[in-house]
Amino acid sequence: MSAVLKPIEARFEAMTPQHLEQVLRVEQQAYAQPWLRSNFLDSLSAGYQAQLLLADDTLLGYFVAMKGVDEVHLLNLTVAPAHQRQGWARVMLDALALWARGQRADWLWLELRAGNLRALQVYQAHGYRPMGQRKNYYPSAQGQREDALVMSLRL
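The numbering of the sequence shown is the working numbering, which starts it at 102 and goes up by one.
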């Protein structure tokens with residue numbers, strides 16, 4: 102007899118400073134060079150769009166995006182390592198695009214580490230296209246730097 106899987110009911114909730122302990126735990130699990138508490142606090146105080154994706158009290162992921170004149174810049178999109186490869190990045194990208202359209206943005210922009218091939222595949226499958234590179238953009242191991250690939254999506 103096979104087990105019946107209970108459907109996951111996910112919801113979005115605005116990120117607040119009270120969520121940062123949980124967010125920072127996921128951030129540190131997900132990245133070798135994670136965002137700091139100050140990065141999140143600065144984003145929240147600037148009024149950036151910061152959303153959590155939750156299933157009950159479980160943090161599946163989050164994103165932070167900055168609105169510009171006619172564009173939105175995705176600053177951070179993270180799926181908790183325990184919930185990766187389940188489609189949650191696509192859910193958050195859909196929510197981001199919906200919000201950006203509501204802000205009358207024409208473009209979504211992002212940077213990702215040039216070596217992050219999994220993220221590259223997710224963004225390309227979602228319609229993002231490479232537009233260029235930023236040399237030595239990200240900090241890397243042993244004081245090295247890594248290039249960023251700049252991608253955009255026309256809304």
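No residue lacks a Cβ here, since even glycine has one placed at the ideal position from N, Cα and C.
This one's a predicted model, so the numbers in the text were calculated from it and none came from an experiment.
Sequence-distant partners of residue 240 (beyond 5 residues in either direction) whose C-beta falls short of 7 Å from its own C-beta, in its chain, are 134 and 246.
According to DSSP, residue 108 shares a beta bridge with no other residue.
About 6 Å separates the Cβ atoms of residue 179 and residue 127, confirming a contact at the 8 Å cut-off. In this structure, residue 121 lies near residue 138, with their beta-carbon atoms less than 8 Å apart.
Counted as a single uninterrupted DSSP element, the beta strand (DSSP E) harbouring residue 235 occupies residues 230-240. Under a 10 Å Cβ-count criterion, residue 151 is classified as buried, with 16 or more other Cβ atoms of the shown protein chains found around its own Cβ.
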